[in-house]
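Before any comments, here is the structure.
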Amino acid sequence: MAVVALLDITVRYDGALALDVPELAIDEGAILAVIGPNGSGKSTLLRVIGLLEDPATGEVRFRGSLVSGTRRLEVRRRMAMVFQEPLLADTTVFENVALGLRFRGIPATERRRRGERWLQRFGIAALASRRARTLSGGEAQRCALARALVLEPEMLLLDEPFSALDPPTREALIADLGAILRRDLVTTVLVTHDRLEARALGDRVAVMMGGRVVQVDTPERLFRAPVSDEVARFVGVETIVEGRVVSEAGGVALVEVGGQKIQVVAPAVAGERVRLCLRPEDVTLTAGDAAGPASSARNRLAGTVAQVVAAGPQARVVVDCGFPLVALVTHRSAEDLGLAEGVAVTAAFKATAAHLIRLDTIA
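What follows is the structure in structure tokens.
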């Protein structure tokens, strides 16, 4: 049974539709990551799930039962929420973690036991007597998460809790939190604009666009097989080009794109118009023409470098091979290959790496 299920939910602000969710369920023990651009309705969806906002229409069900006005507070107390800002009280770290237990009348001995356990689990036991306002950003968020989970909620709601943290702190906290949530099977909804956070934590990922959930899937399938151009761009697919299926045999389609013939493992129909999608990390580059060394990549396309741009620890390389194809390589590889505008290279990728979005079917 789903812990929370939404049915025919709409929310309007000043008459404009802000949220339109015909159906969404969060299963027991699952972690649902919700991603989307700013203004897509992510936080509104979280407030509706957390019973902090009434929808204009539709039903919110908790463990199968409709949540009506008289039950809202009782159900809300079975959830816990953590925001981008930790919102800590001006007292010690331990007292912050135990605050909700004290409000619920839990005896002091039990508060001590549970509070110490969660301080230990989040690696901040040594900070128990510190004033919470003196903590670093990462320490403060660990305290806020411990304060939420010490309540043993039936659902944990996370509203961009890592966005204010520096990359090393964020990565360490995501790893620790993910291990806790999976070990304890904590039903969780995470709202984030960060694809890497969603991929690291979510059992399922929901993409929101314009107030609607446009795709819900496992992280692997969603990031590899987006349902539309819009979703593909948002989840980091950089090569999106139109082509036509030439033939299909044994589950492998031959697609013509920009004068090139590309093999793709996908169901297709000859004559069909498609969008070919390819993630930049799935493309490898070698120097010279398409002959190159043997590899498992079925697709080897000769081209010339059109652009090289630094992208953090990697270089983003655009290759003109009849169409613009984007690859990510390490800076060391870019130097070794002598990548610069006009240099001849071969772009290689597996038939399983590409994904097709069907535009129409030609009879």
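According to my numbering, the sequence shown is numbered sequentially starting from 37. Just so it is clear, CB atoms sit at the ideal spot from N, CA and C, and this is done for glycine as well.
Of 161, 369, 89, the smallest CA-CA separation from residue 128 is found for 161. About 5 Å separates the beta carbons of residue 271 and residue 259, which is inside the 8 Å limit, making them a contact pair. DSSP, reduced to helix, strand and coil, places residue 229 outside both helices and strands of the structure shown, so it counts as coil. A straight-line Cα-Cα distance of about 50 Å links residue 361 and residue 168. Per the coordinates, the alpha-carbon of residue 365 lies some 48 Å from the alpha-carbon of residue 92. Assignment of residue 181 by DSSP, reduced to helix, strand and coil, places it in the helix class. Secondary structure of residue 78 (DSSP, three-state): helix. Rounded to the nearest whole angstrom, the C-alpha separation of residue 200 and residue 43 is 33 Å. Separation of residue 126 and residue 164 (C-alpha to C-alpha, rounded to the nearest whole angstrom) is 13 Å. Note that the C-beta distance between residue 376 and residue 319 is not below 7 Å.
Here DSSP, grouped into helix, strand and coil, assigns residue 91 to coil.
Residue 279 sits in a strand when the DSSP states are folded into three classes. In the three-state reduction of the DSSP assignment, residue 51 falls in the coil class.
Within the model, the alpha-carbon separation for residue 158 versus residue 124 is close to 16 Å. Residue 283 places its beta carbon less than 7 Å from that of residue 306. Considering only 110, 56, 96, the residue with the shortest C-alpha distance to residue 78 is 56. In the structure shown, residue 336 falls within a strand segment according to DSSP collapsed to helix, strand and coil. The beta carbons of residue 293 and residue 385 sit about 12 Å from each other, so the pair does not count as a contact at 8 Å. Sixteen is the threshold: when 16 or more other Cβ atoms of the shown chains lie within 10 Å of the Cβ of residue 76, as they do, the residue is buried. Inter-residue distance for residue 245 and residue 354 is about 28 Å (C-alpha atoms, whole angstroms).
Straight-line spacing of the CA atoms in residue 196 and residue 122 works out to 11 Å.
Nearest to residue 80 by alpha-carbon distance, out of 222, 277, 226, 108, is 226.
As DSSP reads the structure, residue 259 sits in no beta bridge.
Partner residues in the beta bridge of residue 391, as assigned by DSSP, are 313.
By the Cβ neighbour-count rule, residue 178 is buried, with 16 or more other Cβ atoms within 10 Å of its own.
In the DSSP assignment, the residues bridged to residue 289 are 284, 300.
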